[in-house]
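Participant:
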Amino acid sequence: MTDDIPLNWYLYFSAAAFAIGLAGVLLRRNAVAVLLAIEIVLNAANVNLVAFWRYGTPAAGSGPMPGVILALLVIVVAAAEVAVGIGLVLLCHRRWRAVDVDRYDTLSG
């Protein structure tokens, strides 16, 4: 199975996804779009973790699966980030009537 697709293809895909996510975080003004871009960055990290686990084990399926376990941990952290992030976006929208991150420059109303 490891002969099907080389490791560097996964790394290129992950680097492209990371670059797209980073550009989304830096260039977007909408808070929901920034949260989605952060999710893309986390998924790029997951692709790396699983790819290195898959190509790093001598026999597929033997031994512990630290890459998969770390990927599941990243998914859990991403789910918690979305829950807290959407809550903060809704709170800011109720307070300032906008989801523009440039308007969130102060803690007082």
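For the sequence shown, our numbering assigns the number 211 to the initial residue and increments by one for each residue that follows.
Ideal Cβ positions, reconstructed from N, Cα and C, are used throughout, including at glycine.
Short check: CB of Tyr220 to CB of Ala261, under 7 Å?
Facilitator: Locating residue 220 in the sequence shown gives position 10, counting from the first residue. Locating residue 261 in the sequence shown gives position 51, counting from the first residue. Yes; because the gap between Cβ atoms is below 7 Å, this pair is in contact.
Participant: Just the Cα atoms here: how many angstroms apart are Leu320 and Ala281?
Facilitator: Examination of residue 320 is not possible in this model, given that the chain is present from 211 through 319 alone.
Participant: Within the present structure, is the beta-carbon of His303 separated from the nearest heavy atom of the ligand SAH by less than 6 Å?
Facilitator: The model depicted lacks the ligand SAH and carries no ligand whatsoever.
Participant: At the level of alpha carbons, what is the spacing between Ala290 and Val284?
Facilitator: As a working mapping, residue 290 is identified with position 80 in the sequence shown. As a working mapping, residue 284 is identified with position 74 in the sequence shown. Taking the straight line from one Cα to the other gives about 10 Å.
Participant: Using a Cβ-Cβ cut-off of 8 Å (strictly less than) and excluding sequence neighbours within five positions of Tyr314, which residues of its own chain qualify?
Facilitator: Residue mapping note: residue 314 aligns to position 104 of the sequence shown, counting from 1. These residues qualify, in order along the chain: Ala241, Cys302, Trp306.
Participant: In whole angstroms, give me the CA-to-CA distance for Val257 and Leu300.
Facilitator: Locating residue 257 in the sequence shown gives position 47, counting from the first residue. Locating residue 300 in the sequence shown gives position 90, counting from the first residue. The alpha-carbon atoms of Val257 and Leu300 are separated by roughly 30 Å.
Participant: How many Å lie between Asp312 and Leu237 at the Cα?
Facilitator: Position 102 of the sequence shown, counting from 1, holds the residue named residue 312. Position 27 of the sequence shown, counting from 1, holds the residue named residue 237. If I take the Cα positions, the gap works out to 11 Å.
Participant: By alpha-carbon positions, which one of Arg264, Trp263, Val235 ends up nearest to Ile250?
Facilitator: Here residue 250 corresponds to residue number 40 of the sequence shown, with the count starting at 1. Nearest C-alpha to Ile250: Val235.
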